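Down below is the structure, laid out as structure tokens.
In our numbering, the protein residues as written are 50 to 205.
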């Protein structure tokens with residue numbers, strides 16, 4: 050193999066390696082699809098309206114959550130580095146994120162200094178066409194564990 054061919058093979062290998070390490074971009078406004086979501090035993094806690102607006106660039110992730118249930122509005126904002134230190138706020142808790150393959154795993158700790166801490170893990174998976182996000186949420190608290198599957202459609 051001549052020098053040029055070896056360089057071409059190395060360049061191709063590096064390109065393929067870099068391509069395999071790219072992660073999906075969750076940027077956009079995402080609206081909860083209640084019909085496709087499964088709140089299981091927590092059906093009474095399903096919001097009437099839920100929008101998550103995500104901005105992602107490289108390892109920087111910020112998102113805003115806006116919810117409404119029975120006329121009561123809620124929400125919070127998160128701004129963090131994927132794989133970095135957690136983001137802390139009274140409204141959001143202590144939030145951190147990391148990649149697991151092509152899934153983005155968001156971990157949140159609530160009330161860490163109280164007698165009743167709780168936590169949740171969300172696993173975001175982007176559909177192949179980029180128009181849906183499936184969010185598998187596992188919540189663990191004093192009352193036990195809850196599993197929820199939330200499906201979000203991209204706002205057009």
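We put the CB at the ideal spot given by N, CA and C, even for glycine.
In this text, all values refer to a predicted model and were calculated from it rather than measured experimentally.
Any chance you could list the beta strand (DSSP E) runs of at least 3 consecutive residues sitting entirely within the segment 137-168, in chain order?
142-149 and 152-159
Hey, could you find the ends of the beta strand (DSSP E) residue 105 is sitting in?
98-106
Residue 140: which of 191, 147, 182 and 125 sits nearest, CA to CA?
125
Comparing alpha-carbon positions, which option in 148, 114, 161 and 202 lies nearest residue 71?
148
If you follow the beta strand (DSSP E) that residue 194 is in, where does it begin and where does it stop?
193-203
Can you tell which of 203, 204, 123 and 144 has the C-alpha that lies nearest to the C-alpha of residue 156?
Looking at the Cα atoms, 144 is the closest of the given residues.
Give me the DSSP bridge partner(s) of residue 128.
111
Pick helix, strand or coil for residue 87, following the three-state DSSP scheme.
strand
Tell me the residue span of the beta strand (DSSP E) that contains residue 177.
Premise fails: residue 177 is in no beta strand (DSSP E) and is neither H nor E.
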